Every structure is written in C-alpha cells, then in structure tokens.
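Chemist:
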Amino acid sequence: MANALSIREDRTPRIDDAIKFCKDFFVGATAAIVAKTIVAPIERVKLILQLQAAQETIAISKRYKGMIDCFIRVPREQGFLSFWRGNLVNVARSCSQESFGFAFKDFFKIWCVDGVNSKDNYWRFLSGNIAAGGASGIATYSIIYPLDFIRTRLAIDMGREKSREFIGFFDCLRKVFKSDGIRGLYYGFWPSLQYIFLYRGAYYGLFDSAKVLISKKENSQI
Numbered sequence: 001m002a003n004a005l006s007i008r009e010d011r012t013p014r015i016d017d018a019i020k021f022c023k024d025f026f027v028g029a030t031a032a033i034v035a036k037t038i039v040a041p042i043e044r045v046k047l048i049l050q051l052q053a054a055q056e057t058i059a060i061s062k063r064y065k066g067m068i069d070c071f072i073r074v075p076r077e078q079g080f081l082s083f084w085r086g087n088l089v090n091v092a093r094s095c096s097q098e099s100f101g102f103a104f105k106d107f108f109k110i111w112c113v114d115g116v117n118s119k120d121n122y123w124r125f126l127s128g129n130i131a132a133g134g135a136s137g138i139a140t141y142s143i144i145y146p147l148d149f150i151r152t153r154l155a156i157d158m159g160r161e162k163s164r165e166f167i168g169f170f171d172c173l174r175k176v177f178k179s180d181g182i183r184g185l186y187y188g189f190w191p192s193l194q195y196i197f198l199y200r201g202a203y204y205g206l207f208d209s210a211k212v213l214i215s216k217k218e219n220s221q222i
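Residues 1 to 222 (the numbering used here) are what the sequence shown spells out, left to right.
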C-alpha cells in the first residue's frame with residue numbers, strides 16, 4: 001500500500017510538468033500564430049524589396065520604389081490577401097522552431113553541462129550552455145529549413161492566380177523537389193547555420209547561465 005502511494009506521488013510531479021508544458025506550448029503557439037499573422041504584410045513587403053532585383057518576373061521599370069509604394073501596389077496588382085502569401089508556412093515554421101528548439105536544448109544540455117557545477121566551474125557551465133544552445137539551433141534548423149525556404153519562395157511569388165509560379169505550399173514543394181531534388185530545399189543552408197549557431201547559442205545559453213547566476217545572487221541576499 002505504501003509503495004503504491006509513493007509511486008503515485010512520484011508520478012504526480014511528472015504529470016503536472018507534462019500538463020504545464022502542454023499549456024505553455026499551446027499559449028506560445030497561439031501567440032506566435034497571432035503575432036506572425038499580424039506582421040505578415042510587413043514581412044512580405046520586406047522580402048519583396050530585398051529580393052525583387054533577383055526576380056526575372058519583375059521588370060526593372062516595374063520594381064517597387066520603397067515600402068509605401070509596395071504597400072500601395074501589392075493589393076492592387078496581386079489582391080489584398082496576397083499580403084499573407086506564405087504566412088501559413090511561416091506560422092508552422094515558427095511553432096516548430098520553438099518546440100524543437102527547447103526539446104533539442106534539453107537533450108544537448110545533458111551532453112554539455114550534465115555534472116558541471118555552476119558554482120565551482122561557472123565558465124565551463126556557461127560555455128556548455130552556449131554549445132548546447134548552438135547545437136539545438138543547428139538541429140532544429142536542419143529540420144525546419146525547407147519550411148523557411150518555401151515560405152520565402154511563396155512570399156516573392158508575384159502575380160495573381162494563374163500567373164503565379166506556385167499555387168501553394170505543396171505545389172512549391174513538388175516543383176522545387178522535381179527540378180532540384182532534396183538539395184533544392186536547402187539552398188543557402190550552410191551560411192544560415194553560422195548565424196543560427198551564434199544566435200541560438202546566445203539566446204538559450206546566455207539565458208540559462210544568467211538565470212542561474214541571478215538565482216544565486218538572490219539566494220545569497222536572503
């Protein structure tokens with residue numbers, strides 16, 4: 001009887017942690033969906049202005065002169081809803097990035113900082129957290145990069161309906177894969193890894209290390 005109660009008590013924190021994780025993930029995903037959908041028009045205008053010079057479908061005389069010109073002409077030439085072209089893929093990418101990022105970070109922390117005492121060897125703890133954060137960024141980006149690539153291709157796909165190069169996500173995926181294979185979905189991948197390693201290493205690694213340092217200072221003041 002006592003053993004059964006102890007097992008039940010051991011499982012309760014795990015269940016609570018799982019419920020909390022699901023709630024946090026749901027709230028985070030909902031926030032990401034709302035935020036990405038709101039800023040989608042700005043994101044698409046940014047991509048168009050950045051990449052229009054490389055687009056053969058946009059004549060030099062018809063290139064957008066700036067942000068205001070792009071905001072005025074895009075709904076007139078492509079329809080108002082074209083501001084959200086590629087947004088669904090971007091939302092899926094963002095949600096996947098956060099969920100995979102935290103999962104991989106915990107996995108790599110076992111290898112990089114497990115057994116390291118942050119009090120006795122803080123710099124080893126800090127470098128391990130940065131390495132774990134960078135490695136989680138690389139692992140995550142290796143999975144979601146095709147979504148990022150397709151999102152960009154859809155966002156700079158100009159025109160209306162039949163004049164567009166891609167009908168949607170699956171059409172873009174099929175055409176890119178047919179013409180260039182799996183390699184085509186990873187164009188620009190290697191330069192991106194350098195950025196993502198540094199960014200995620202700082203984002204996760206410095207955050208976790210600073211959190212421990214601040215917690216120590218607060219405890220010492222009590």
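Each residue gets a CB set at the ideal place from its N, CA and C atoms; glycine is no exception.
Just so it is clear, the structure is predicted and the values come from calculations on it, not from any experiment.
If you run the structure through DSSP and keep just helix, strand and coil, what is A59?
Modeler: Reading the sequence shown from its first residue, position 59 is the one you call residue 59. It is coil, neither helix nor strand.
Chemist: How about the stretch 202-212 and the stretch 129-140: do they share at least three Cβ pairs that are nearer than 8 Å?
Modeler: Short answer: they touch.
Chemist: Looking at C-alpha atoms only, which residue of L147, K211 and S94 is the closest neighbour of Y187?
Modeler: Translated into positions along the sequence shown, residue 187 becomes position 187. Closest option to Y187, Cα to Cα, is L147.
Chemist: Nearest by alpha-carbon distance to I48: which of V74, L193 and G28 is it?
Modeler: Locating residue 48 in the sequence shown gives position 48, where the first residue counts as 1. For the residues V74, L193 and G28, the minimum Cα distance to I48 belongs to V74.
Chemist: Quick one: using the 10 Å Cβ neighbour count with 16 as the cut-off for buried, is R160 buried or exposed?
Modeler: If you number the sequence shown from 1, residue 160 lands on position 160. Exposed: under 16 other Cβ atoms inside 10 Å.
Chemist: Can you give me the C-alpha to C-alpha distance between C70 and C95, rounded to a whole angstrom?
Modeler: If you number the sequence shown from 1, residue 70 lands on position 70. If you number the sequence shown from 1, residue 95 lands on position 95. Their Cα atoms are separated by approximately 28 Å.
Chemist: Sorted by chain position, which residues of the same chain lie with C-beta nearer than 6 Å to P41's C-beta, five sequence neighbours on each side aside?
Modeler: The residue given as residue 41 occupies position 41 in the sequence shown. Correct list, in chain order: F83.
Chemist: Just confirm the distance between the C-beta atoms of F197 and I138, as a whole number of angstroms; I'd bet it's less than 8 Å.
Modeler: Looking up residue 197 in the sequence shown gives position 197. Looking up residue 138 in the sequence shown gives position 138. Indeed, because the Cβ distance is near 6 Å, the residues count as touching under 8 Å.
Chemist: Of the residues R76, F189, K119 and Q52, which one's Cα is nearest the Cα of A210?
Modeler: Residue mapping note: residue 210 aligns to position 210 of the sequence shown, counting from 1. For A210, the nearest C-alpha among the options comes from K119.
Chemist: Look up R164 in the DSSP assignment and say whether it is helix, strand or coil.
Modeler: Within the sequence shown, the letter at position 164 stands for residue 164. R164 falls in the coil class under three-state DSSP.
Chemist: Under the rule that 16 or more other beta-carbon atoms within 10 Å means buried, what is Q50, buried or exposed?
Modeler: Locating residue 50 in the sequence shown gives position 50, counting from the first residue. With fewer than 16 other Cβ atoms within 10 Å, it is exposed.
Chemist: With three or more beta-carbon pairs closer than 8 Å as the criterion, would you say the stretch 165-175 touches the stretch 150-157?
Modeler: Yes, the stretch 165-175 is in contact with the stretch 150-157.
Chemist: Between A155 and R76, is the Cβ-Cβ spacing less than 8 Å?
Modeler: In the sequence shown, the residue the question calls residue 155 occupies position 155. In the sequence shown, the residue the question calls residue 76 occupies position 76. It is not a contact, given that the beta carbons lie outside the stated cut-off.
Chemist: Whole angstroms are fine: how far does the CA of K105 sit from the CA of C112?
Modeler: Residue 112 sits at position 112 when you count from the first residue of the sequence shown. Residue 105 sits at position 105 when you count from the first residue of the sequence shown. Distance between the alpha carbons of C112 and K105 is about 10 Å.
Chemist: Whose C-alpha, out of F100, D157, I72 and G184, is nearest the C-alpha of Q52?
Modeler: On the sequence shown, position 52 is the one that residue 52 refers to. When only C-alpha atoms are compared, the closest one is D157.
Chemist: For the alpha helix (DSSP H) containing S136, list its first residue and its last residue.
Modeler: Here residue 136 is taken as the residue at index 136 of the sequence shown, counted from 1. Where S136 is concerned, the enclosing alpha helix (DSSP H) stretches over Y122 to A155.
Chemist: Count the other C-beta atoms from every protein chain shown that fall within 10 angstroms of the C-beta of A103, then say buried if there are 16 or more, exposed otherwise.
Modeler: Your numbering for residue 103 matches position 103 in the sequence shown. It is exposed - the Cβ of A103 has fewer than 16 other Cβ atoms within 10 Å.
Chemist: Just the Cα atoms here: how many angstroms apart are E98 and F26?
Modeler: To locate residue 98, count along the sequence shown from 1; it is residue 98. To locate residue 26, count along the sequence shown from 1; it is residue 26. One C-alpha to the other measures close to 11 Å.
Chemist: Assign M158 to one of three DSSP states: helix, strand, or coil.
Modeler: Here the question's residue 158 lines up with position 158 in the sequence shown. M158 falls in the coil class under three-state DSSP.
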